[in-house]
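This report concerns only the one structure given below.
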Amino acid sequence: MTTDEKLAQAEMKAHGKPLQKMFNQVPEKYDLLNRIMTLGMDEPWRKKAVRYIKSENPERVMDLGTGTGDMAVRMAAEIPECEVTGYDFSAPMLEGAKEKAKKQNVDNVKFIEGDAAEMPFETGYFDAVGISFAFRNMTFKNKNTSYYLKEILRVLKPGGKLVAVESSQPKSKFVRFFFHLYLKYIIAAIGSRIGTNKGAYHYLAYSAKEFYTTEELTRLLQDHGFGEVKHHQMFLGAAAITIAQKPS
Ligand SMILES: C[S@@+](CC[C@H](N)C(=O)[O-])C[C@H]1O[C@@H](n2cnc3c(N)ncnc32)[C@H](O)[C@@H]1O
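What the sequence shown shows, in my numbering, is residues 12 to 259, in sequence order.
What follows is the structure in structure tokens.
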């Protein structure tokens with residue numbers, strides 16, 4: 012195992028609590044690093060996902076793993092008649108989210124702290140659940156994956172949709188090779204220079220490199236009870252918006 016992988020795995024330790032600790036340590040420079048690492052494309056990708064959610068005319072939506080609230084605030088601003096809930100288990104991240112909502116003057120969004128494995132919402136409460144760049148944390152070598160997916164399914168109304176923006180695996184082997192080089196050498200290096208937690212950014216790079224293909228993701232979601240699953244790959248397949256529907 013390379014040093015990078017050891018660092019990543021030490022940080023990951025596979026599940027909930029170590030990840031929570033990690034996200035409690037990164038919020039300060041999280042937004043900046045996100046922009047740099049996605050070459051500024053994270054916002055347009057979230058925007059696309061929000062446009063899709065909006066087209067469903069939702070009354071209640073959640074941004075799961077909201078972090079500093081980029082997707083939640085965008086949903087609240089673009090769908091003013093909608094009740095938006097940002098949910099995350101990192102209190103420091105949520106502080107950033109609340110500030111962002113205040114600055115942008117949106118009042119139809121609230122932020123709630125808690126774990127995705129056990130959410131304080133009624134069954135069938137949400138028309139859609141959006142999740143940006145947190146789905147990988149919840150499903151990559153995470154022993155709680157099944158709890159998370161079952162819980163997402165439970166809080167969605169029948170026919171409701173999970174809309175996940177996440178890194179993906181390019182279908183072309185050639186592109187995938189360069190994408191993995193970028194993750195392994197550039198992302199981990201940028202993260203450890205600018206960020207405060209070296210292991211965290213090695214984990215982010217390593218988990219993206221090893222993450223599911225779209226076919227594997229479809230299987231995972233359908234094995235947990237989702238019906239139709241569609242993927243829209245972006246930027247040569249480096250990222251994708253995955254839309255998974257709860258059966259009616
Ligand atoms: C990479 S950040 C993404 C933040 C934000 N959605 C964005 O687009 O920038 C992942 C977020 O998911 C949250 N998270 C990870 N696992 C979680 C869990 N089991 N329950 C609640 N939040 C979780 C972390 O605290 C973190 O804020």
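Backbone N, C-alpha and C define an ideal beta-carbon position, used for all residues, glycine too.
Grab the span of the beta strand (DSSP E) containing residue i for me, first residue to last.
{"i": "residue 164", "result": "Counting along the chain, residue 164 falls outside any beta strand (DSSP E), though it belongs to the alpha helix (DSSP H) covering 156 to 166."}
{"i": "residue 74", "result": "71 to 75"}
{"i": "residue 137", "result": "137 to 143"}
If contacts are defined as beta-carbon pairs under 8 Å, then residue i and residue j qualify, I think. What distance do you get, rounded to the angstrom?
{"i": "residue 182", "j": "residue 248", "result": "5 Å"}
{"i": "residue 215", "j": "residue 236", "result": "That pair is no contact at about 28 Å."}
{"i": "residue 112", "j": "residue 77", "result": "Actually they do not touch by this definition, with Cβ atoms about 10 Å apart."}
{"i": "residue 139", "j": "residue 84", "result": "Contact flag wrong, Cβ pair sits at about 16 Å."}
{"i": "residue 151", "j": "residue 222", "result": "6 Å"}
{"i": "residue 82", "j": "residue 211", "result": "20 Å between Cβ atoms; not a contact."}
Spell out the partners DSSP gives residue i in its beta bridges.
{"i": "residue 120", "result": "95"}
{"i": "residue 176", "result": "143 and 252"}
{"i": "residue 309", "result": "No information on residue 309 is available, as it lies outside the stretch 12 to 259 that the chain covers here."}
{"i": "residue 245", "result": "250"}
Kindly list the residues whose CB is nearer than 7 Å to the CB of residue i, restricted to its own chain and excluding five residues on each side of it in sequence; keep chain order.
{"i": "residue 132", "result": "166"}
{"i": "residue 241", "result": "254"}
{"i": "residue 119", "result": "87, 91, 93, 94 and 95"}
{"i": "residue 42", "result": "79"}
{"i": "residue 59", "result": "252"}
{"i": "residue 233", "result": "240"}
{"i": "residue 31", "result": "100 and 101"}
Quick check on residue i: buried or exposed, where buried means 16 or more other Cβ atoms within 10 Å of its Cβ?
{"i": "residue 102", "result": "exposed"}
{"i": "residue 146", "result": "buried"}
{"i": "residue 18", "result": "Caution is warranted here: a pLDDT of 49 is assigned to residue 18, below 50, making its placement in the model unreliable, and no coordinate value can be reported."}
{"i": "residue 143", "result": "buried"}
{"i": "residue 134", "result": "exposed"}
{"i": "residue 197", "result": "exposed"}
{"i": "residue 25", "result": "With a pLDDT of only 41 at residue 25, under the threshold of 50, the placement of this residue in the model should not be trusted; the figure read from the coordinates follows. That one is exposed."}
{"i": "residue 192", "result": "exposed"}
Measuring only from the beta carbon, is residue i closer than 7 Å to any heavy atom that is part of ligand 3?
{"i": "residue 45", "result": "With respect to ligand 3, the structure shown offers nothing to examine, as its ligands consist of ligand 1."}
Taking 6 Å as the limit between beta carbons, can you name the residues of its chain near residue i, skipping five residues before and five after?
{"i": "residue 219", "result": "178 and 194"}
Output needed for residue i: all residues of its chain with C-beta closer than 8 Å, excluding positions within five of it in sequence on either side, in chain order.
{"i": "residue 250", "result": "49, 52, 56, 176, 177, 178, 179 and 244"}
{"i": "residue 257", "result": "164, 167, 168, 169, 170, 171, 172, 173, 236, 237 and 238"}
For the alpha helix (DSSP H) that contains residue i, what are its first and last residues?
{"i": "residue 107", "result": "102 to 114"}
{"i": "residue 203", "result": "199 to 205"}
{"i": "residue 218", "result": "209 to 221"}
{"i": "residue 331", "result": "In this structure the chain extends from 12 to 259, so residue 331 is not present and cannot be described."}
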